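Numbering (the numbering used here), first residue to last: 149 to 286. Right, one structure below, let's go through it.
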Amino acid sequence: VAAETDLFLIDLKHMDSERHRELTGVPNEPILHNVRLLSGKEVWFRLPLIEGINDDEANIEATARFVASLPPLHHPSPQVAARLLHLLPYHDVGKDKHRRRGTKYNPQGLTMKAPSDTTIERCRQQLQAHGIQVVVGG
149 VAAETDLFLI DLKHMDSERH RELTGVPNEP ILHNVRLLSG KEVWFRLPLI
199 EGINDDEANI EATARFVASL PPLHHPSPQV AARLLHLLPY HDVGKDKHRR
249 RGTKYNPQGL TMKAPSDTTI ERCRQQLQAH GIQVVVGG
């Protein structure tokens with residue numbers, strides 16, 4: 149499938165594997181391993197940014213180092229960034245979808261809030277310092 153896919157959207161929720169497991173139920177090693185296998189493919193990374201969950205400087209730094217460590221994409225279009233990451237500030241738009249499906253929206257019962265504009269800007273600058281093009285929003 150990867151050979152026929154033009155674009156991959158990869159969510160990087162937390163770089164610490166144990167914290168990733170606490171938040172999602174699975175460790176992140178298989179995800180990070182699979183990302184490395186996509187060398188040369190167009191990948192848009194997405195970081196759902198949640199206040200107090202994954203917006204700390206250590207996690208953002210680890211995310212930046214991981215993305216920057218990957219081989220850059222060589223694309224004929226100058227509009228396509230070699231390393232692109234979308235910062236996605238938390239929102240609860242999907243809450244109603246889960247209610248309609250009868251599934252839990254937040255099974256861990258975490259307090260989830262959107263990060264402040266100051267935090268978003270700090271994260272953006274921290275990522276850009278590693279040569280990553282950052283887009284805030286989807």
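Glycine is no exception: its CB is placed at the ideal position from the N, C-alpha and C atoms. Owing to the predicted nature of the structure, the values given are computational and were not obtained by experimental measurement.
Open item on the list: Let's test the definition: count the other Cβ atoms within 10 Å of the Cβ of residue 245 and tell me whether it reaches 16, buried, or not, exposed.
Closed with: On the sequence shown, position 97 is the one that residue 245 refers to. By the 10 Å Cβ count, residue 245 comes out exposed.
Task: Neighbour-count burial assignment, residue 251, 16 or more Cβ in a 10 Å radius - done: Looking up residue 251 in the sequence shown gives position 103. Exposed, by the Cβ-count rule.
TODO: Quick one: using the 10 Å Cβ neighbour count with 16 as the cut-off for buried, is residue 249 buried or exposed?
DONE: Residue 249 sits at position 101 when you count from the first residue of the sequence shown. By the neighbour-count rule (16 or more Cβ atoms within 10 Å), residue 249 is not buried but exposed.
Open item on the list: Starting from residue 184, trace the alpha helix (DSSP H) in both directions and tell me its first and last residue.
Closed with: By one-based count along the sequence shown, residue 184 stands at place 36. Its alpha helix (DSSP H) spans residues 177 to 185.
Task: Length of the line joining the Cα atoms of residue 170 and residue 158 - done: Counting from one through the sequence shown, the residue named residue 170 turns up at place 22. Counting from one through the sequence shown, the residue named residue 158 turns up at place 10. Cα to Cα, the separation comes out at about 19 Å.
TODO: With a threshold of 16 other CB atoms inside 10 Å of the CB of residue 263, please say whether the residue is buried or exposed.
DONE: Here the question's residue 263 lines up with position 115 in the sequence shown. With 16 or more Cβ atoms within 10 Å of its Cβ, residue 263 is classed as buried.
Open item on the list: Below 8 Å on the Cβ atoms is my contact criterion, and I expect residue 190 with residue 233 to pass it. Report the Cβ-Cβ distance as a whole number of Å.
Closed with: The sequence position of residue 190 within the sequence shown is 42, counting from 1. The sequence position of residue 233 within the sequence shown is 85, counting from 1. Not really, about 13 Å apart at Cβ, beyond 8 Å.
Task: Assigned exposure category for residue 211 - 16 Cβ within 10 Å defines buried - done: One-based indexing of the sequence shown puts residue 211 at position 63. Flag for residue 211 reads buried.
Task: Continuous beta strand (DSSP E) assignments of at least 3 residues falling wholly in the region 186 to 213 - done: As far as the region 186 to 213 is concerned, its whole beta strand (DSSP E) runs of at least 3 residues are 190 to 197.
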